[in-house]
Structures are given as structure tokens and as C-alpha cells.
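Take a look at the structure below.
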Amino acid sequence: MIRLLAFIFVMAFFCPVAAQTVTLSSSNLPIIVINTGGQEIPNDPKITADMGIIYNGTAQRNNITDPLNHYNGKIGIEIRGQSSQSFPMKSYSIELRDNAGASVDKSLFGLPKEADWVLYAPYTDKTLMRNFLAYTMSREMGHWAANCRFVEVMVNGDYKGIYVFMERIKRGSGRVNIPKLNTTDIAGDAVTGGYIFSLDKEPNGWFSSYATPNATTSNNKRQFSYVYPKPENIVQAQKDYLKSYTDSFENALAGPNFQDAANGVRRYADINSFIDYFIVNEISRNVDGYRLSTYMYKDRASKGGKIIAGPVWDYDLAFRNADYCAGSNTSGWAYEFNLVCPADGAGLIPFWWNRFLQKDTAFQATLRCRWKQLRQNSLSDSRINTLIDSVVALTNEARIRHFQRWQILGKYVWPNPQPIASTYDAEIEYLKGWLNNRTKWITDNLPNTGVCFDYPVTAKSSFIAILSPNPITASSNFTIQSKNNQSLQLKIYSMQGQVVQQQTITLAAGMNSIPFGSGNWSKGVYLVVLQSAQGEKFSKKILVE
Numbered sequence: 001m002i003r004l005l006a007f008i009f010v011m012a013f014f015c016p017v018a019a020q021t022v023t024l025s026s027s028n029l030p031i032i033v034i035n036t037g038g039q040e041i042p043n044d045p046k047i048t049a050d051m052g053i054i055y056n057g058t059a060q061r062n063n064i065t066d067p068l069n070h071y072n073g074k075i076g077i078e079i080r081g082q083s084s085q086s087f088p089m090k091s092y093s094i095e096l097r098d099n100a101g102a103s104v105d106k107s108l109f110g111l112p113k114e115a116d117w118v119l120y121a122p123y124t125d126k127t128l129m130r131n132f133l134a135y136t137m138s139r140e141m142g143h144w145a146a147n148c149r150f151v152e153v154m155v156n157g158d159y160k161g162i163y164v165f166m167e168r169i170k171r172g173s174g175r176v177n178i179p180k181l182n183t184t185d186i187a188g189d190a191v192t193g194g195y196i197f198s199l200d201k202e203p204n205g206w207f208s209s210y211a212t213p214n215a216t217t218s219n220n221k222r223q224f225s226y227v228y229p230k231p232e233n234i235v236q237a238q239k240d241y242l243k244s245y246t247d248s249f250e251n252a253l254a255g256p257n258f259q260d261a262a263n264g265v266r267r268y269a270d271i272n273s274f275i276d277y278f279i280v281n282e283i284s285r286n287v288d289g290y291r292l293s294t295y296m297y298k299d300r301a302s303k304g305g306k307i308i309a310g311p312v313w314d315y316d317l318a319f320r321n322a323d324y325c326a327g328s329n330t331s332g333w334a335y336e337f338n339l340v341c342p343a344d345g346a347g348l349i350p351f352w353w354n355r356f357l358q359k360d361t362a363f364q365a366t367l368r369c370r371w372k373q374l375r376q377n378s379l380s381d382s383r384i385n386t387l388i389d390s391v392v393a394l395t396n397e398a399r400i401r402h403f404q405r406w407q408i409l410g411k412y413v414w415p416n417p418q419p420i421a422s423t424y425d426a427e428i429e430y431l432k433g434w435l436n437n438r439t440k441w442i443t444d445n446l447p448n449t450g451v452c453f454d455y456p457v458t459a460k461s462s463f464i465a466i467l468s469p470n471p472i473t474a475s476s477n478f479t480i481q482s483k484n485n486q487s488l489q490l491k492i493y494s495m496q497g498q499v500v501q502q503q504t505i506t507l508a509a510g511m512n513s514i515p516f517g518s519g520n521w522s523k524g525v526y527l528v529v530l531q532s533a534q535g536e537k538f539s540k541k542i543l544v545e
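Counting from 1, one number per residue, gives the positions in the sequence shown under the working numbering.
So this is what it looks like as C-alpha cells:
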């Protein structure tokens, strides 16, 4: 409620509608023309309208007087979004329809056939490209994410500016490719998939059994939402199955053997998808990440059937575009949102990510390797800058009209952080500079473990031993970071000089966890000595309790 009131305040006093009538005669972008016949476009339900698209092909100019050659027909249209509905530039949900009002699938701009599309209004995102960046990053990692096309839009003869025409999250062979569920699919393999579900502001499903970490609100257990099948279509047996499977995922992750390959969390979740989802949310430091517009899907058991994180969605407040909850910081983890804003009423982040990042050594090791791999190709500085520059070049002409229509450059639009760029070029400079600092911070702060670890260049020895915590117990381990594959001789002495433990330790390059084996020792002080084949030595006293 507090954030809602704050939002209303800034909208009322700091975001005046600054718009001018703009004439559109031609564009290098496709032109979408919508005519509602004088009807006002509502939030819900969709009204019937006419839509035409002028698109003469790649690198061809499109004139407003040209024929409606790419699409010319009926649509259902409504305003979409939540807080964004308060902006003067509206986003729309569109359904292609025939003359009888039935939905009809068509391929637009070379994308797979579908009836449902989104016209996203990048009003608060003055770079115009934050969603495009996140979706492209995810897609280049190998996942389905909404394809985007930049267009210019006219509604009832009024120029509305640059929009992003894009796919929406939906089950289908060209989108989230999972099986169709019928109401009769209530047993056997059929009931196991496919499903799409989410965490968002409008939950309609089941509650988690686990409280969100660090919550200071009483309503601290997240409720999931049904996405596919829709709430009105999903039957009880399917609800029961999806809840039971998700409960099993959470129970396994919270359990003591969560890293067990056969019976731990990996039995229920595609961990690689969670790693890639983490990377997109962290490189963008998405203030809504992991907690809102957070989608997951599940195929049938016969096709693997594990929970897959994604598709990614809704990054307009990411990449340095939120002035609350540390959303514009280049340092810090987005998954630790609950530590920054523990009373946020829109929804907190479930315990999953704390567990993965702070306890799951296999997750940490794979994450480091994946990050280093992506930084060499799809998330390299050059690739990121190429994506940004491609949108800058593509919109060079159209954004002059866009910012004439919406005169917001240099002005605060909720929730733009300070300093506010006075020009579009400055917006791009801020974005590039922020991303450069953000990627460097991630590289420097990812868990340094596994085969892709970075050995400290200042280290004088080929291994670094960490005897912590100290005092130790029978179940304690100690950590050895090794520069390469090697063996060490371990000897542990009592204070009387007796050898109480002696063994050869085989180390892999990277981080190694070695059990102390102190179960049969008497309480007291001991001396640990490690020696490499090259004669390098390490020694430290430990206290056994």
C-alpha cells in the first residue's frame, strides 16, 4: 500500500502528460493503424476494432498512404499492464479475429502463427529497448523468449509513437512448446503436463508451504498463479497434480539431501534453466526479478517433466530503471531483494535462490562456468553493445517523432533513477556504462568454485586451505582451493606430537571440500599440516569441541 501511494504521488506531481500532435507520413519501421470506430479502449474486456499493418519488407520505406498489405482485418484489443496503465502511452493486448469474431492465427513479421500479440509501450523506458535486450539475451542462451519488432502506431488517427510488437507467453508449438491439456487429462502421463504457472501480483492458485526469507509482513507465503491451463479451464485433478509436484520441488530443495542427483531438487527441476534465468535477472538487476512476472513451465513426465524456469518476461524496470529497492545499483544481487525491501507488499522472493546461491555447491560451480562461457559470446561486451547500437540505428528516425509526441527526455517518469539523462544519446551512454559496471561486479562476486574457478594471481602456493569454522565438530569440512589437479599429504598432530590422522588427499583444480574426520578425537587443540609434492607447506592449529 505504501508503494502504491508513493507511485500515485509521483505520477500526480512529477509526471505531467507532455504530448504533442505529430504527423506520420512515412517510416523505415512498419506502421500499425488501429481504428476502434470511436470506442474507448478499455482495460477489460477486449473490444472489436480494425487493424492494418503497412510493411513493405526489410529496408523498405512504409508510407501511411500505402495499402494495408501485411494485415488488414479485425482484432480484439484491450489495455494491458498494471502500474503502466497510469501512463498516458498505453500498452495493448491484441487478438487477431475473423469477421465473425473468432480468433485466427496468422504469421506477422515472419514470426510463428498466432492470434495473441502484445503492443508494448516503452513509455518509462526511454532507451526503448530494455525488454528487447532481456528477451534477446535469453533467446541467445537457447531458450524461447518473446520475439520483438519495433513499429510505429496510429490509433484513431492519433500518432502514438514507437511500440514494441511482440509475442506473449502462451502454450503452442511456436512459443512454449508443451502438450495441450484437455479437461479429460486427469491421470497417468497425460495429467503430468504441460503446465505454465507463475508468481505475480494477481495470484489465483495455491500457496507455498514455505515463508519468504527476511519477510517483515504477515502475508509471507507466496501464492502461485495458473497461466496454462487458464484458471477457468484447469480441472481439480490437474490443480492437485501441479501443486503436489511443486510442493515436491520445494520440499526437496529445502531438505537436507537437496543436492542428491537422484532424489534431491534435480529430480524435479531443470537446474540449467534456473541458472540461465538467474543470469538474465542479475545482469539486468531486475527489481521485479524472481517475484513478479516470474514464469515457469512443465512438460509431461514422458518428455522429462521437470520444472523449467522461464520464459523471461517484463524487464521495463530493469537495466537501471528503478529508483527504489536498490534497483539501479550496479552492485548487489537482485535475488537478495528481500534484504533490501522486506516489507514490499507486491511480493517477495521465495527461498529457492538463497538455497541455490548459498548452499548448492554444484549450482554455484555450474553457474560460474556458464557465466564465463556466455561472457565470451552472447553476453560479451561487444555483443551487448551491438544489440544496443542496432536499436539505436533502427529507431534513429522514428524516435524523433516519438519524443516529440511524448516530451519526457530529461524529465522524471516513475520510476526513473537519478541522474536523469537530458538526451536520448545520454540515455544510451548511461545504459552502456551501467551494463559495463554491472557485468564486472558479477564477474568479481560470483562464487569462485568448481572447475571454472579463478585462482588468485597473487597466491604464492599451488593450494590455499581454509580451516573454517574453527572450532570444528565431527561433521565439519575444510576447503582447499587448488591451482591444478594434484595430491597433498595431510597430517594432523595432537599437541603431544602424536599423529592422529594421516592420508593422501586428491584435489581437483578449483574448490575442494575435505571432511575433518574428527569424530573419534578427544577435545582439544590439534595441528593440521598439508604438504604438496613440490614441498609447499601449510599448517594451522584447530580446536576440536
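We put the CB at the ideal spot given by N, CA and C, even for glycine.
{"query": "Quick one: what does DSSP say Glu336 is sitting in, helix, strand or coil?", "result": "helix"}
{"query": "Got a sec, what are the start and stop residues for the alpha helix (DSSP H) Gly433 sits in?", "result": "424-445"}
{"query": "According to DSSP, which residues form a beta bridge with Trp117?", "result": "Ile94, Glu167"}
{"query": "Considering only residues of the same chain and omitting the five flanking positions on each side of Ser302, which have a CB-CB separation below 6 Å?", "result": "Asp189"}
{"query": "Starting from the C-beta of Phe258, find all residues in its chain whose C-beta is less than 8 Å away, skip the five residues before and the five after it, and write them out in chain order.", "result": "Ala252, Gly264, Val265, Arg355, Lys359, Asp360"}
{"query": "Please give me, in chain order, every unbroken run of the alpha helix (DSSP H) with length at least 4 that falls completely inside the stretch 265-317.", "result": "271-283"}
{"query": "Please state if the CB of Ile41 and the CB of Ile77 are separated by a distance shorter than 8 Å.", "result": "yes"}
{"query": "Taking the DSSP output, what are the residues bridged to Asp50?", "result": "Asn35, Lys74"}
{"query": "Only counting the same chain, and skipping five residues up and downstream in sequence, which positions put a Cβ closer than 7 Å to that of Asp247?", "result": "Ser209"}
{"query": "Kindly indicate which residue of Val413, Met154, Cys452 has the alpha-carbon position closest to the one of Ser83.", "result": "Val413"}
{"query": "In or out: Glu232 buried (at least 16 other Cβ within 10 Å) or exposed?", "result": "exposed"}
{"query": "Quick one: residues in its chain with C-beta nearer than 6 Å to the C-beta of Thr506, no 5 flanking neighbours on either side, listed in chain order?", "result": "Ser487"}
{"query": "Can you tell me the Cα-Cα spacing of Asn445 and Pro122, whole angstroms?", "result": "32 Å"}
{"query": "Among Asn43, Ile542, Ile514, which one has its Cα closest to the Cα of Val525?", "result": "Ile542"}
{"query": "Measuring CB to CB, does Tyr297 end up less than 8 Å from Ile196?", "result": "yes"}
{"query": "Taking Asp125 as the reference, which of Ser138, Phe87, Ile349, Asp44 has the closest Cα?", "result": "Phe87"}
{"query": "In chain order, what residues of the same chain lie with their CB nearer than 7 Å to the CB of Arg320, ignoring the 5 residues before and after it?", "result": "Ser328, Pro417, Tyr430, Leu431, Trp434"}
{"query": "Assuming Asn477 is part of the beta strand (DSSP E), what are its boundary residues?", "result": "477-482"}
{"query": "Closer than 7 Å by C-beta to Gly517: which residues in its own chain qualify, once you throw out the five before and the five after it? Chain order, please.", "result": "Gln501"}
{"query": "Buried or exposed: which applies to Ser468, given that a residue is buried once 16 or more other Cβ atoms fall within 10 Å of its Cβ?", "result": "exposed"}
{"query": "Between the C-alpha atoms of Lys523 and Glu545, what's the straight-line distance to the nearest angstrom?", "result": "5 Å"}
{"query": "Can you tell me whether Val546 is buried or exposed, with buried defined as 16 or more other CB within 10 angstroms of its CB?", "result": "Outside the shown range of the chain (1 to 545) lies residue 546, about which nothing can therefore be said."}
{"query": "Between the Cα of Asp240 and those of Phe207, Ile408, Pro213, spot the shortest distance and give me the residue it belongs to.", "result": "Phe207"}
{"query": "Flag this pair as yes or no: are the beta carbons of Val151 and Ile32 separated by less than 8 Å?", "result": "yes"}
{"query": "For Pro546, which residues from the same chain have a beta carbon less than 7 Å from its beta carbon, with the 5 sequence-adjacent residues on both sides left out?", "result": "This structure cannot speak to residue 546, because the chain is shown only from 1 to 545."}
{"query": "Once you ignore the five residues that flank Ala254 on each side, which residues in its own chain have a CB closer than 8 Å to its CB?", "result": "Tyr210, Phe351, Arg355"}
{"query": "Quick check: Ser561 and Ile308, are their CB atoms within less than 8 Å of each other?", "result": "Here the chain has residues from 1 to 545 only, and residue 561 is not among them."}
{"query": "Suppose contacts are defined by Cβ-Cβ distances below 8 Å. Is Gly174 in contact with Lys113 by that definition?", "result": "yes"}
{"query": "Nearest-angstrom Cα distance between Leu387 and Asn377?", "result": "13 Å"}
{"query": "In the stretch 175-243, which residue ranges form an unbroken beta strand (DSSP E) of at least 3 residues, counting only runs that do not cross its ends?", "result": "195-199, 207-211, 221-228"}
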